[in-house]
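Just so we're aligned: the sequence shown equals residues 12 to 512 in the numbering used here. Each residue gets a CB set at the ideal place from its N, CA and C atoms; glycine is no exception. Taking it in order: structure first as structure tokens, then the write-up.
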Amino acid sequence: MKNQLLLFIGLALVTTASAQSDERPWSFGLHGGITQYNGDHGQNFFKTKQAGYGFAGASISRYISPHWDASIYQTYGQIGNREELSSWSTPEDIATSYFRTQLSTTHLFVKFHFVTPEHAVRPYLLVGGGLIVYEKDYSLVHQRVEGSLPTFGLGVNLRVTDYMKLQLQETFMYTTTDNVDKTIGGGANDAYLYHSVGLIFEFGKMPDADMDGVSDKKDKCASTPAGVAVDASGCPVDGDKDGVADYLDDCPAVAGVSSLKGCPDGDKDGIADKDDRCPDVFGPSDTRGCPDTDGDGVVDIDDKCSATASKYKVDATGCPVDTDKDGVFNEDDRCPTIAGQLVFQGCPDTDKDGVSDFDDRCPTVVGTISNKGCPEITKEDQVKITSIASKIYFETGKATLKKESYAQLDALVLILQKYEGAILVIEGHTDNVGEDAYNMTLSQERTDAVKAYLMSKGIMESRLVAYGYGETKPVDDNNKSAGRAKNRRVELKTTYEVPVK
Numbered sequence: 012m013k014n015q016l017l018l019f020i021g022l023a024l025v026t027t028a029s030a031q032s033d034e035r036p037w038s039f040g041l042h043g044g045i046t047q048y049n050g051d052h053g054q055n056f057f058k059t060k061q062a063g064y065g066f067a068g069a070s071i072s073r074y075i076s077p078h079w080d081a082s083i084y085q086t087y088g089q090i091g092n093r094e095e096l097s098s099w100s101t102p103e104d105i106a107t108s109y110f111r112t113q114l115s116t117t118h119l120f121v122k123f124h125f126v127t128p129e130h131a132v133r134p135y136l137l138v139g140g141g142l143i144v145y146e147k148d149y150s151l152v153h154q155r156v157e158g159s160l161p162t163f164g165l166g167v168n169l170r171v172t173d174y175m176k177l178q179l180q181e182t183f184m185y186t187t188t189d190n191v192d193k194t195i196g197g198g199a200n201d202a203y204l205y206h207s208v209g210l211i212f213e214f215g216k217m218p219d220a221d222m223d224g225v226s227d228k229k230d231k232c233a234s235t236p237a238g239v240a241v242d243a244s245g246c247p248v249d250g251d252k253d254g255v256a257d258y259l260d261d262c263p264a265v266a267g268v269s270s271l272k273g274c275p276d277g278d279k280d281g282i283a284d285k286d287d288r289c290p291d292v293f294g295p296s297d298t299r300g301c302p303d304t305d306g307d308g309v310v311d312i313d314d315k316c317s318a319t320a321s322k323y324k325v326d327a328t329g330c331p332v333d334t335d336k337d338g339v340f341n342e343d344d345r346c347p348t349i350a351g352q353l354v355f356q357g358c359p360d361t362d363k364d365g366v367s368d369f370d371d372r373c374p375t376v377v378g379t380i381s382n383k384g385c386p387e388i389t390k391e392d393q394v395k396i397t398s399i400a401s402k403i404y405f406e407t408g409k410a411t412l413k414k415e416s417y418a419q420l421d422a423l424v425l426i427l428q429k430y431e432g433a434i435l436v437i438e439g440h441t442d443n444v445g446e447d448a449y450n451m452t453l454s455q456e457r458t459d460a461v462k463a464y465l466m467s468k469g470i471m472e473s474r475l476v477a478y479g480y481g482e483t484k485p486v487d488d489n490n491k492s493a494g495r496a497k498n499r500r501v502e503l504k505t506t507y508e509v510p511v512k
């Protein structure tokens, strides 16, 4: 028995489960087993040659503390003896040693458990006392009632389910009389040993306000929402131990931070790794955690040109836009919609004269750089233009062209049509006769008249510049009539630059 008790204690120390406690303080038991007699006619507990008689019983127990409880046991069965006294005993001896009786017992026990209720295997000791009622039958002529004191024993409870356990118990009852076996003697009263096995059912109210399976007394989180998995303390399960319960944790398998619903943030940019396109690099929330080093609106992870200067607009790959695909970015391309050459800042040179079409006033005719891509005006035509200028006449004191000037101006139109990129500068001058302001106005009106005539013949206004200088630029002496005649003039000049007055 000592070895069995040590085994029970060892198992209990390593095995735990739910058990009767202050939350489920009551238990009810059904028991059965055999009884053995020990007295004047036999001293043979635990020996198979000693007769064993059956009994049945019931018990009710009340929890007192983690190691103590109290029980009331009620049994009904038989006790007796059929043991032969010795090998030479006579039939008379055997007849006098034989007895059997029907009895019921009621006992109050106090139990001491070696381990707390959470353990699945709980060995215990019991001690107490009670009453034995012998019925009038078999060997007894009259009903008898006597005490059982002391009564003690040991046992073990084995957890089967949360509400049921198997009980094995040995109970020794020392009676207060010594003649139930019809014999007084031997120096000790009669004693009985009960070998029992039983099923114990635990019950009792267990308050659980939040219905999570953990009683309010043990529940450290008494307001857990319904349906949420909890641990032994009644608190929501936190599998990754990050302080965020699994039912609130968007990343229940990985430790994170509460501000991100339990998800980790490896780069500390305030964006959970699961939502962060760049979880290892700090970045802003508006780009889902990815940096944009060159600030072009395309994050580095997608940017094929990550060092683009701020002046450039970029495409979806983060590279500067080159609409015409000529290798010159739009911001550097003077002709961004027409493929050109790098030397001309992205513009073409159709006539191959070294002047880009953007700057070439004659883009389809080979010219010179000094003439903005237009051909040189021949000396012959320059002489004609000078001659025409000297043959433009106006009505005296007016800006009205005389008819004889028309033929000259028509000839000028033909020359200008040959050099369609050239600009004609028309300058008007007067002598010093009259007021200065009048002369200035008259000279401007006369150049405007020439300009208007040429435009009427199809010459574009953009190619004609008319300036009136009045008497400010004499070419001869205004004190002489011949000099004044020379100062009254119209000058015609061709150029490829817009002149400033």
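Own chain partners of residue i with C-beta closer than 7 Å, once the 5 adjacent residues on each side are dropped
{"i": "Leu-41", "result": "Ala-69, Gly-209 and Leu-210"}
{"i": "Asp-488", "result": "Gly-494"}
{"i": "Ile-470", "result": "Val-424 and Leu-427"}
{"i": "Asp-311", "result": "Cys-301, Pro-302, Asp-303, Thr-304 and Ser-317"}
{"i": "Ala-266", "result": "Asp-251, Lys-252, Asp-253 and Pro-275"}
{"i": "Arg-500", "result": "His-440"}
{"i": "Phe-19", "result": "Unreliable positioning characterises Phe-19 in this predicted model, as indicated by a pLDDT of 35, which lies under 50. The coordinate reading is nonetheless provided below. Counting only Cβ-Cβ distances below 7 Å, and skipping sequence neighbours, we find Val-132, Pro-134 and Val-167."}
Those residues which DSSP pairs with residue i across a bridge
{"i": "Glu-518", "result": "Since the first residue of the chain shown is 12 and the last is 512, residue 518 is not available in this structure."}
{"i": "Asn-92", "result": "Phe-110"}
{"i": "Cys-385", "result": "Thr-379"}
{"i": "Pro-134", "result": "Val-167"}
{"i": "Asp-80", "result": "Tyr-74 and Lys-122"}
{"i": "Lys-176", "result": "Arg-170 and Ile-211"}
{"i": "Glu-181", "result": "Leu-165 and His-206"}
{"i": "Gln-85", "result": "Ala-69 and Thr-117"}
{"i": "Asn-341", "result": "DSSP, once it has assigned bridges, lists no residue as partnering Asn-341."}
{"i": "Pro-247", "result": "Val-241"}
{"i": "Phe-39", "result": "Ile-71 and Phe-212"}
{"i": "Gly-439", "result": "Gly-479 and Val-501"}
Span separating the alpha-carbon of residue i from that of residue j
{"i": "Leu-204", "j": "Phe-212", "result": "24 Å"}
{"i": "Ile-90", "j": "Asp-51", "result": "14 Å"}
{"i": "Gly-158", "j": "Val-144", "result": "9 Å"}
{"i": "Gly-547", "j": "Ala-350", "result": "What the structure shows of the chain is the stretch from 12 to 512, and residue 547 is not part of that stretch, so it cannot be assessed."}
{"i": "Val-152", "j": "Gly-88", "result": "18 Å"}
{"i": "Lys-363", "j": "Ala-463", "result": "35 Å"}
{"i": "Thr-407", "j": "Met-451", "result": "15 Å"}
{"i": "Lys-512", "j": "Tyr-480", "result": "9 Å"}
{"i": "Leu-271", "j": "Lys-279", "result": "11 Å"}
{"i": "Leu-22", "j": "Gly-281", "result": "In this prediction, Leu-22 has a pLDDT of 34, which is less than 50 and means its spatial position is unreliable; nothing more can be read from the coordinates."}
{"i": "Ser-244", "j": "Leu-177", "result": "27 Å"}
{"i": "Ala-131", "j": "Asn-168", "result": "8 Å"}
{"i": "Lys-429", "j": "Gly-338", "result": "37 Å"}
{"i": "Asn-443", "j": "Thr-375", "result": "46 Å"}
{"i": "Tyr-84", "j": "Phe-163", "result": "12 Å"}
{"i": "Glu-456", "j": "Glu-508", "result": "23 Å"}
{"i": "Val-377", "j": "Asp-368", "result": "11 Å"}
6 Å Cβ shell around residue i - same chain, five flanking residues per side excluded
{"i": "Cys-6", "result": "There is simply no residue 6 to check, as the chain begins at 12 and stops at 512 in what is shown."}
{"i": "Cys-330", "result": "Lys-315 and Cys-316"}
{"i": "Gln-356", "result": "Arg-345"}
{"i": "Phe-39", "result": "Ile-71 and Phe-212"}
{"i": "Ser-416", "result": "Ile-403 and Tyr-404"}
{"i": "Phe-56", "result": "Gln-47, Asn-49 and Leu-204"}
{"i": "Ser-207", "result": "His-42, Gly-44 and Gln-180"}
Whole-Å CB distance - residue i paired with residue j, under 8 Å assumed
{"i": "Thr-441", "j": "Asn-382", "result": "With a Cβ gap of about 32 Å, Thr-441 and Asn-382 do not count as contacting."}
{"i": "Phe-123", "j": "Tyr-135", "result": "6 Å"}
{"i": "Ser-321", "j": "Gly-308", "result": "The Cβ separation is near 11 Å, so there is no contact."}
{"i": "Val-191", "j": "Thr-117", "result": "That belief does not hold up - the Cβ atoms of Val-191 and Thr-117 are roughly 17 Å apart, past 8 Å."}
{"i": "Ala-418", "j": "Arg-474", "result": "Actually they are not in contact, since the Cβ atoms of Ala-418 and Arg-474 sit about 21 Å apart, beyond 8 Å."}
Residues near residue i in its chain [Cβ-Cβ closer than 8 Å; skip 5 each side]
{"i": "Pro-36", "result": "Arg-73, Tyr-74 and Gly-215"}
{"i": "Pro-161", "result": "Val-138, Gly-139, Gly-140 and Tyr-185"}
Enumerate, from N- to C-terminal direction, the unbroken beta strand (DSSP E) stretches of 3 or more residues contained entirely within the segment 449 to 503. 475 to 481
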